[in-house]
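Student:
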Amino acid sequence: MNLMGKVAIVTGGSKGIGAAISKELANAGVKVVVNYNSSQDCAERVVNEILANGGSAIAVKGDVSDLREASVLVEEAIEKYGRLDILVNNAGITRDRTFKKMDENNWRKVIDVNLNSVFNTTSIALQHLIDSGNGRIINISSIIGQAGGFGQTNYSAAKAGLIGFTKSLSLELARTGVTVNAICPGFIETEMLSEVPDNVREQIQGRIPARRFGHAEEIARGVLYLCQDGEYITGQQLNINGGLYM
Ligand code: NAP
Numbered sequence: 002m003n004l005m006g007k008v009a010i011v012t013g014g015s016k017g018i019g020a021a022i023s024k025e026l027a028n029a030g031v032k033v034v035v036n037y038n039s040s041q042d043c044a045e046r047v048v049n050e051i052l053a054n055g056g057s058a059i060a061v062k063g064d065v066s067d068l069r070e071a072s073v074l075v076e077e078a079i080e081k082y083g084r085l086d087i088l089v090n091n092a093g094i095t096r097d098r099t100f101k102k103m104d105e106n107n108w109r110k111v112i113d114v115n116l117n118s119v120f121n122t123t124s125i126a127l128q129h130l131i132d133s134g135n136g137r138i139i140n141i142s143s144i145i146g147q148a149g150g151f152g153q154t155n156y157s158a159a160k161a162g163l164i165g166f167t168k169s170l171s172l173e174l175a176r177t178g179v180t181v182n183a184i185c186p187g188f189i190e191t192e193m194l195s196e197v198p199d200n201v202r203e204q205i206q207g208r209i210p211a212r213r214f215g216h217a218e219e220i221a222r223g224v225l226y227l228c229q230d231g232e233y234i235t236g237q238q239l240n241i242n243g244g245l246y247m
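Now the structure itself:
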């Protein structure tokens with residue numbers, strides 16, 4: 002698919018993996034709506050970089066765990082660009098603690114931002130993606146949703162939920178031309194990973210067959226591939242993890 006002139010929303014596009022996805026898509030000619038919740042400066046930096054490279058982008062604030070704010074995000078994208086072809090559900094947070102110490106707030110917050118947000122954005126964006134003729138929904142899940150993670154029952158449940166959501170929705174949409182896929186990154190060098198204590202990071206790195214953490218750009222290239230060449234790929238999990246989970 003030629004991506005020139007297509008329109009994408011990238012949730013949590015202000016930082017890390019979402020910022021890399023926004024720039025990668027923009028380099029391919031996609032007009033990008035860079036969503037953020039609190040990091041306005043970071044989102045504007047991403048937009049300015051895209052504009053400086055001759056692309057088109059806007060930053061739109063919105064907490065995607067809130068249905069009304071997700072709705073405004075999609076409306077602003079349509080108002081600015083008149084169409085929507087690609088939805089990348091990337092926004093995510095962690096609130097790690099063992100289950101014994103897991104309080105309701107940390108459980109619900111992580112499910113809301115990582116999983117319920119995807120209901121919010123996708124349900125509002127769906128008709129526009131169908132109208133696009135070859136829409137793309139890409140959900141950024143995680144290796145933790147596949148293999149589990151110590152101290153991550155909330156995050157793991159949310160990310161596994163995304164995989165089930167991806168498969169079921171792909172069945173419902175296959176005939177419309179909208180593909181629905183998940184990307185499951187391994188451990189990627191971003192702010193999220195920097196929250197992990199150094200000794201744990203070293204242990205993790207030692208277990209990765211490739212012996213290094215991934216780069217946000219390596220996830221972004223997976224998104225680009227699914228958008229550009231993925232018309233017959235739907236309901237799948239693309240594992241980008243240096244061989245850590247097979
Ligand atoms: P990050 O650097 O912490 O960035 C998270 C992004 O999500 C930020 O742009 C943040 O924007 C946004 N965000 C958080 N809450 C939001 C909300 N309620 N509404 C809208 N945006 C929100 O994290 P990352 O490592 O790039 O992670 C991106 C995605 O990849 C997440 O879904 C994460 O679970 C997944 N992932 C990451 C790794 C890894 O190793 N890094 C591995 C597997 C999967 P604001 O700062 O503006 O709130």
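First residue of the sequence shown? That's 2 in this note's numbering, and the numbers climb one at a time after it.
We put the beta carbon where it would ideally sit given N, CA and C, even for glycine.
Which class does Ala211 belong to by DSSP, given the choice of helix, strand or coil?
Tutor: Here residue 211 is taken as the residue at index 210 of the sequence shown, counted from 1. Here Ala211 sits in coil by DSSP.
Student: Considering Gln238, what are the terminal residues of the beta strand (DSSP E) in which it resides?
Tutor: Position 237 of the sequence shown holds residue 238. Where Gln238 is concerned, the enclosing beta strand (DSSP E) stretches over Gln238 to Ile241.
Student: Kindly examine the ligand NAP and report whether one of its heavy atoms sits closer than 8 Å to the Cβ of Ser40.
Tutor: Here the question's residue 40 lines up with position 39 in the sequence shown. Ser40 Cβ: within cutoff of the ligand NAP.
Student: Would you mind giving the Cβ-Cβ distance between Lys62 and Thr191, rounded to the nearest angstrom? I have them listed as a contact below 8 Å.
Tutor: Against the sequence shown, residue 62 aligns to sequence position 61. Against the sequence shown, residue 191 aligns to sequence position 190. Between Thr191 and Lys62 the Cβ distance is about 20 Å, and since that is not below 8 Å, they are no contact.
Student: Output needed for Arg1: all residues of its chain with C-beta closer than 6 Å, excluding positions within five of it in sequence on either side, in chain order.
Tutor: For the chain, the structure presents residues 2 to 247; residue 1 sits outside this window and is missing.
Student: Closer than 7 Å by C-beta to Leu245: which residues in its own chain qualify, once you throw out the five before and the five after it? Chain order, please.
Tutor: What you label residue 245 is simply residue 244 of the sequence shown in a count that begins at 1. Hits under 7 Å: Ile144, Gly187, Arg208, Ile209 and Pro210.
Student: Let me make sure I understand the geometry here. Which of Tyr82, Ile94, Val75 and Glu77 has the alpha-carbon closest to that of Ile18?
Tutor: What you label residue 18 is simply residue 17 of the sequence shown in a count that begins at 1. Among Tyr82, Ile94, Val75 and Glu77, the Cα nearest to that of Ile18 is on Ile94.
Student: Buried or exposed: where does Arg137 fall if 16 or more other Cβ atoms within 10 Å of its Cβ makes it buried?
Tutor: As a position in the sequence shown, residue 137 is number 136, starting the count at 1. When all chains shown are included, Arg137 counts as buried.
Student: Taking all protein chains shown into account, decide if Lys160 is buried (16 or more other Cβ within 10 angstroms of its Cβ) or exposed.
Tutor: To locate residue 160, count along the sequence shown from 1; it is residue 159. Lys160 should be labelled buried.
Student: Answer with yes or no whether the minimum CB distance from Val33 to chain C is below 9 Å.
Tutor: You won't find chain C in this structure, because it holds only one protein chain.
Student: On the CB-based measure, 16 or more other CB atoms within 10 Å of its CB, does Lys102 come out buried or exposed?
Tutor: By one-based count along the sequence shown, residue 102 stands at place 101. Lys102 should be labelled exposed.
Student: Determine the contact status of Ala44 and Asn36, defining contact as a CB-CB distance below 9 Å.
Tutor: Residue numbering aside, residue 44 sits at position 43 when the sequence shown is read from its first letter. Residue numbering aside, residue 36 sits at position 35 when the sequence shown is read from its first letter. The answer is yes: Cβ separation under 9 Å.
Student: Whose C-beta lies closer than 6 Å to the C-beta of Ser142 among residues of the same chain, with five residues either side of it excluded?
Tutor: The residue you call residue 142 lines up with position 141 of the sequence shown. The answer, listed in chain order, is Lys160, Leu163, Ile164, Ala183 and Cys185.
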